[in-house]
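Residue numbers (the numbering used here): 3 to 110. Cβ coordinates follow ideal geometry from the N, Cα and C atoms, glycine included. Note that this is a predicted model, so its numbers are computed, not measured. Have a look at the structure below before the remarks.
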């Protein structure tokens, strides 16, 4: 995800009405207050810090989704399949980004 002023504004004031032109904010919302530059800068930093974990979770979730069929009502998961899925669920307790993660090996 590209993290910029627009991303920060969307996170700070969901559904607010505004326009960003040449990095200049035009606030059109009458329901929500315009955030300060300090709030916007802080939100950008927060989103940037959270991005590696967000990407890790997205990849983990995709790997889990790829194995969801193992849990169909007409199938019985093996202990290895259960262990693999649990290892995927636990991956964010050990790793914080895609740069350092060691993925568990999927069973045959």
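For residue 13, which of 24, 47, 32, 28 has the nearest alpha-carbon?
On the chain shown, position 11 is the one that residue 13 refers to. The residue with the shortest Cα to Cα distance from residue 13 is 47.
Using only the alpha-carbon positions, how far apart do residue 15 and residue 37 sit?
Stepping through the chain shown from its first residue, residue 15 is reached at position 13. Stepping through the chain shown from its first residue, residue 37 is reached at position 35. Roughly 8 Å between the two C-alpha positions.
So, is residue 11 buried or exposed, given that buried needs 16 or more other C-beta atoms within 10 angstroms?
For the purposes of this step, residue 11 is identified with residue 9 of the chain shown, where counting begins at 1. Answer is buried; the Cβ neighbour count reaches 16.
Selected residue, minimal CA-CA separation from residue 83, among 106, 64, 31, 18
The residue labelled residue 83 in the question sits at position 81 within the chain shown. Among 106, 64, 31, 18, the Cα nearest to that of residue 83 belongs to 106.
Using CA coordinates, which residue listed in 42, 59, 33 is at the minimum distance from residue 101?
The residue given as residue 101 occupies position 99 in the chain shown. With distances taken between Cα atoms, residue 101 lies closest to 59.
Sorted by chain position, which residues of the same chain lie with C-beta nearer than 7 Å to residue 61's C-beta, five sequence neighbours on each side aside?
On the chain shown, residue 61 is found 59 positions in, with the first residue counted as 1. Counting only Cβ-Cβ distances below 7 Å, and skipping sequence neighbours, we find 100.
Taking C-beta to C-beta, are residue 40 and residue 22 nearer than 9 Å?
Along the chain shown, one-based indexing puts residue 40 at 38. Along the chain shown, one-based indexing puts residue 22 at 20. No.
Which one or two residues does DSSP pair with residue 28 in a beta bridge?
Position 26 of the chain shown holds residue 28. According to DSSP, residue 28 bridges with 21.
Going along the chain, which unbroken runs of the beta strand (DSSP E) with 3 or more residues stay wholly within the region 30–100?
none
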